[in-house]
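K.L.:
Have a look at the structure that comes next, please.
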Amino acid sequence: MHGTRILDEADRLMTVCNSCRYCEGLCAVFPAMEMRRAFSDGDLNYLANLCHSCGACYVDCQFSPPHEFDVNVPKTLAVARAESYAAYAWPQALSGAFARNGLVISIIAALSMAAFILGFAALNDRSVLFGVHTGPGAFYKLMPHNAMAVLFSAAFLYAILALVMSMRAFWRDIGAPIGNRADSGSIFQAIRDAGELRYLHGGGVGCYNEDDKPTDRRKLYHHLTFYGFILCFAATSVATLYHYLLAREAPYPWWDLPVVLGTLGGIGLIIGPIGLFTAKMRRDPALLDESRYGMDVGFIAMLFLTGVTGMLLLILRETAAMGPLLALHLGAVFALFITMPYGKFVHGIYRFAALVRYAQERRSEGGT
Amino acid sequence: MSSKYDVLVIGGGNAALCAAISARRGGASVLVLEGAPKFYRGGNTRHTRNMRCAHDAATEILTGPYTEEEFWEDLLRVTGGETDEVLARHMIRESKDILNWIVEQGVRWQPSLGGTLSLGRTNSFFLGGGRAMLNALYLTAERLGVAVEYDAEVADLAIEDGMFLAARLERPVRGETEIRATSLVAAAGGFEANIEWLKQYWGEAADNFLIRGTPYNRGSILKMLLDKGVQEVGDPTQCHAVAIDARAPKFDGGIITRHDSVVFGIVVNKHAQRFYDEGEDIWPKRYAIWGRLVAAQPDQIAYIIFDSTVVTSFMPTLFPPIAGQTVAELAGKLELDPAALEKTITEFNAAVRPGTFDHTILDDCRTEGITPPKTHWARRIETPPYLAYPVRPGITFTYLGTRVNKEARMLMKGGKPSANMFAAGEIMAGNVLGKGYAAGMGMTIGSVFGRIAGREAAKHARN
Chain A
1 MHGTRILDEA
11 DRLMTVCNSC
21 RYCEGLCAVF
31 PAMEMRRAFS
41 DGDLNYLANL
51 CHSCGACYVD
61 CQFSPPHEFD
71 VNVPKTLAVA
81 RAESYAAYAW
91 PQALSGAFAR
101 NGLVISIIAA
111 LSMAAFILGF
121 AALNDRSVLF
131 GVHTGPGAFY
141 KLMPHNAMAV
151 LFSAAFLYAI
161 LALVMSMRAF
171 WRDIGAPIGN
181 RADSGSIFQA
191 IRDAGELRYL
201 HGGGVGCYNE
211 DDKPTDRRKL
221 YHHLTFYGFI
231 LCFAATSVAT
241 LYHYLLAREA
251 PYPWWDLPVV
261 LGTLGGIGLI
271 IGPIGLFTAK
281 MRRDPALLDE
291 SRYGMDVGFI
301 AMLFLTGVTG
311 MLLLILRETA
321 AMGPLLALHL
331 GAVFALFITM
341 PYGKFVHGIY
351 RFAALVRYAQ
361 ERRSEGGT
Chain B
369 MSSKYDVLVI
379 GGGNAALCAA
389 ISARRGGASV
399 LVLEGAPKFY
409 RGGNTRHTRN
419 MRCAHDAATE
429 ILTGPYTEEE
439 FWEDLLRVTG
449 GETDEVLARH
459 MIRESKDILN
469 WIVEQGVRWQ
479 PSLGGTLSLG
489 RTNSFFLGGG
499 RAMLNALYLT
509 AERLGVAVEY
519 DAEVADLAIE
529 DGMFLAARLE
539 RPVRGETEIR
549 ATSLVAAAGG
559 FEANIEWLKQ
569 YWGEAADNFL
579 IRGTPYNRGS
589 ILKMLLDKGV
599 QEVGDPTQCH
609 AVAIDARAPK
619 FDGGIITRHD
629 SVVFGIVVNK
639 HAQRFYDEGE
649 DIWPKRYAIW
659 GRLVAAQPDQ
669 IAYIIFDSTV
679 VTSFMPTLFP
689 PIAGQTVAEL
699 AGKLELDPAA
709 LEKTITEFNA
719 AVRPGTFDHT
729 ILDDCRTEGI
739 TPPKTHWARR
749 IETPPYLAYP
759 VRPGITFTYL
769 GTRVNKEARM
779 LMKGGKPSAN
789 MFAAGEIMAG
799 NVLGKGYAAG
809 MGMTIGSVFG
819 RIAGREAAKH
829 ARN
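Listed in order, the protein sequences are those of chains A and B.
For what it's worth, the working numbering labels the leading residue of the first sequence as 1, then goes sequentially.
For what it's worth, the working numbering labels the leading residue of the second sequence as 369, then goes sequentially.
Following this line, the structure appears as structure tokens:
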């Protein structure tokens, strides 16, 4: 018996699946399962995070509901996955944030944006807040660059620390039987698998969504979101380098690298989350962990908010709306950073770790 | 009220869908009537995994060539010659093209990943299994404009002088209670889920049979056709039966209730007595005979008994083995006579001769001085915990069918071909598979004859 009801159910399903194995060609979960005859909590959390929820094994299974064996791997692993986020959260005192995650994220986002608005209003003159600022250093008339850098670096570093500690706990728990050292080949393999969403593909035809006709829409929207996020992050990083190394201050002209990267990323962060949200609303509830709508939608909304406020800021940066928009955008980004370890963002971290583990297991099995 | 189609396909599995797609591609309007609800569509196809097709060279998914001649020899061996050579060779020849044709219908293959079955050279595996294959065929059929109805049970067939006229339905479909069509393709499977029918040959023992497929394989279409003058083929008393876990559900336990651990232990009946050489032959022969052997035992139950040393030698099982620290404790849990089981195991252990165990060949580990002997893979059962799987006969399919010719056209009693009735799949498998079985052959029969039946049915409808 396992610690939780959902792990007991996941164990039951993996026992059914391991005596069938018809799905072994669909994704990484089933080959990983076949390497085991019994399943520890760590094994099940590993399999749960290896699952990309493409839905193919549900549609292909001769034992899915209404069959009495009641095999629903995507839903069961989705619940187990969400519970694993809380189980490995650092510090554990904050794991409760996953319980009503949508509410938690909304409150933090609202508070964060309100704090920036109020902070801007308190520290700036009305004429500055609603003034028109152009040219290098325009943003820093509202908030000094150093203050911005310190605040956001602190939030970002905290997020990194919490994520690393969580991932470490997960990695240790899924260590058996091949140990905790990751080789560079496996890491590289996992980067490729995650980067192309190799297993979000239904065994090749696409994901199952509202019916039994597979499509690649979710993969496309996820790519837009993920690479949008990466581009925005790259934009900020390049801007930081410009600032410190080249002493060039934002805002930059539209053709300059940070703006180009940010614009492309921002478009991705608007279209991607809208697509993912629509897909989630339309998806067959049988495949979903519906009790986590809040967490999923909360994260999608945070990304969308970041993208929208950033794009508005770009478009309206030479108008009187710049001050309030900058506050909103910074508020959104700040909230995104500090909630990253306590929301849906962590799925990427754990899934990546699971992919590294899987690449290792394949290598050790293949004897290479 | 009635409505009219070029081709009516009765059934919803591999053969039926191949026929429907092939007929539709041949220009016919097609209606598929599947008697089962949508989830259970496809009869035994939903539990299949692979198909045996001849091929002259290795492919991406097949490790080496499997010639027509070799296929024919395998078929001859498993059927003991009970096959129609002309039809069988025709099927084998056609199977070569099916490898590609079925992919054009949306079905995807996967490389044999090993582990489960050693069929990487001869058999092609469906990515995601039989239900995935079915899903792909249904999507293609619907995209082509084939009409499909579920829960559409046929109550009666109007047939005159070997000519199909109409099907009468139990419940109205699309507002109609009668469907007329120019051609009929019967692809509605065998009668393995019809316990009453099985009892005609097996008596009350059939009550203890477990059925590996859905409860909808009742053979009602087969019965109607035979009653209305179609010539029968195949031994009506025979069915394909394997030993499956006695804890499996009555219907539709599928592949996962099977046991392949016989070779690693002994098998006893409810009196704790051994009754057959557990080491007679290697897979798949030993796999296929145990259903029938168990069916012949009292109460149609038996127990595979082994010890803790061999637990990891076979696939993990759905139901865990029943365990006891002593033979007597295990016997108690199995409700067997402890003294009798102890005696059987003691005698077996004493009869085991030294040898080198290798389950991949007919090794030299055998018994001496007991009846029945265990002629290979005999090792002492002596390391607790002692373990057991209870097993019952699991019925896979029946052999009785309708006789057909190379066009998949049904032959009437007296040998005259029907004007417009075709058959494909398990309902006519007995033409080529008079007895026995080799993995993946049922699907070959289904796809090859389904494709032919659809094509011929459409051709007839157009003329």
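Here a beta-carbon is modelled for each residue, glycine too, at the ideal position from N, C-alpha and C.
Small disclaimer: the values here were computed from a predicted structure and weren't measured.
Is there a Cβ from chain A that is less than 9 Å from the Cβ of Ala-611(B)?
P.N.:
no
K.L.:
Quick one: does Lys-213(A) have its CB under 9 Å from some CB of chain B?
P.N.:
yes
K.L.:
Need the endpoints of the alpha helix (DSSP H) that Ala-121(A) sits in, please.
P.N.:
101-123
K.L.:
Could you tell me which residues DSSP puts in a beta bridge with Leu-444(B)?
P.N.:
Paired residues: none, contrary to the question.
K.L.:
Determine the extent of the alpha helix (DSSP H) in which Val-816(B) is found, giving its start and end residues.
P.N.:
809-830
K.L.:
Quick check on the DSSP output: what are the complete alpha helix (DSSP H) runs of length 4 or more inside the region 551-579 of chain B, in order along the chain?
P.N.:
563-570
K.L.:
Does any C-beta atom of chain A lie closer than 9 Å to the C-beta of Pro-583(B)?
P.N.:
no
K.L.:
Do three or more CB pairs link the region 31-43 of chain A to the region 54-72 of chain A at distances below 8 Å?
P.N.:
no
K.L.:
May I ask you to list, following chain order, the residues of the region 465-476 of chain B that have a beta carbon less than 9 Å from some beta carbon of chain A?
P.N.:
Gly-474 and Arg-476
K.L.:
Going residue by residue through the region 183-243 of chain A, where are the continuous alpha helix (DSSP H) segments of at least 4 residues, counting only ones entirely within it?
P.N.:
184-195
K.L.:
If you reduce the DSSP assignment to three classes, tell me which class His-458(B) lands in.
P.N.:
helix
K.L.:
Would you verify that the beta carbon of Asn-799(B) is, or is not, closer than 9 Å to some beta carbon of chain A?
P.N.:
no
K.L.:
Does any residue of chain B bring its CB to less than 9 Å from the CB of Arg-217(A)?
P.N.:
no
K.L.:
Distance check for Arg-747(B) and Phe-632(B), CA to CA, integer angstroms please.
P.N.:
8 Å
K.L.:
Report buried or exposed for Val-132(A), applying the criterion of at least 16 other Cβ atoms within 10 angstroms of its Cβ.
P.N.:
Exposed is the call here.
K.L.:
In the DSSP assignment, find the alpha helix (DSSP H) that holds Met-165(A) and state where it starts and stops.
P.N.:
Unbroken alpha helix (DSSP H) run through Met-165(A): 145-173.
K.L.:
Using a beta-carbon distance cut-off of less than 9 Å, what residues from the region 62-85 of chain A approach chain B?
P.N.:
Close to chain B, meaning a Cβ-Cβ distance shorter than 9 Å, are the following residues of the region 62-85 of chain A: Gln-62, Phe-63, Ser-64, Pro-65, Pro-66, His-67, Glu-68 and Phe-69.
K.L.:
CB-CB under 6 Å to Gly-307(A), same chain, minus the five flanking residues each way: which ones, in chain order?
P.N.:
Gly-266, Leu-269 and Ile-270
K.L.:
Shorter than 9 Å from the beta carbon of His-415(B) to some beta carbon of chain A?
P.N.:
yes
K.L.:
Identify, in the order they occur along the chain, each residue of the same chain with its Cβ nearer than 6 Å to the Cβ of Gly-483(B), setting aside the five sequence neighbours on each side.
P.N.:
Per-residue confidence for Gly-483(B) stands at a pLDDT of 48, beneath the threshold of 50, marking its modelled position as unreliable; the derived number appears in the next sentence. Hits under 6 Å: none found.
K.L.:
For His-329(A), report the span of its alpha helix (DSSP H) as first-last.
P.N.:
322-339
K.L.:
So the beta strand (DSSP E) Leu-702(B) belongs to, where does it begin and stop?
P.N.:
It is not in any beta strand (DSSP E) - Leu-702(B) instead sits in the alpha helix (DSSP H) that spans 695-702.
K.L.:
In or out: Asp-620(B) buried (at least 16 other Cβ within 10 Å) or exposed?
P.N.:
buried
K.L.:
Where does Gly-762(B) sit, in a helix, a strand or coil, going by DSSP?
P.N.:
strand
K.L.:
So which residues on chain B does Asn-146(A) lean against when the C-beta distance must stay under 8 Å?
P.N.:
Going along chain B, no residue has its Cβ under 8 Å from Asn-146(A), so there is no contact; the nearest lies around 57 Å.
K.L.:
Round the Cβ separation of Phe-299(A) and Ile-274(A) to the nearest angstrom and send it over; I've been treating them as touching at under 8 Å.
P.N.:
Actually they do not touch by this definition, with Cβ atoms about 14 Å apart.
K.L.:
Looking at Phe-69(A) and Leu-326(A), is the spacing between their C-beta atoms short of 9 Å?
P.N.:
no
K.L.:
Need the endpoints of the alpha helix (DSSP H) that Ala-383(B) sits in, please.
P.N.:
382-393
K.L.:
Check each residue of the region 669-686 of chain B: if its Cβ is closer than 8 Å to any Cβ of chain A, include it; give the result in chain order.
P.N.:
So the close ones are Thr-680, Met-683, Pro-684, Thr-685 and Leu-686.
K.L.:
Taking its Cβ as the centre, do 16 or more other Cβ atoms sit within 10 Å of Val-400(B), making it buried, or is it exposed?
P.N.:
buried
K.L.:
Since Thr-225(A) contacts Gly-272(A) with CB under 8 Å, what's their CB separation in whole angstroms?
P.N.:
3 Å
K.L.:
Can you tell me whether Lys-742(B) is buried or exposed? The criterion is at least 16 other CB atoms within 10 Å of its CB, across all chains shown.
P.N.:
Buried: at least 16 other Cβ atoms inside 10 Å.
K.L.:
What residues of chain D sit near Ser-19(A), judged by a beta carbon separation below 7 Å?
P.N.:
Note that chain D does not occur in the displayed structure, where the protein chains are A and B.
K.L.:
Count the C-beta pairs between the region 345-352 of chain A and the region 512-520 of chain B that are closer than 8 Å, then say yes if the count reaches three, no if not.
P.N.:
no
K.L.:
Tell me, please, whether the CB atom of Asp-519(B) is closer than 9 Å to any CB atom in chain A?
P.N.:
no
K.L.:
Any idea if Val-150(A) is buried or exposed, counting beta-carbon neighbours within 10 angstroms, 16 or more meaning buried?
P.N.:
exposed
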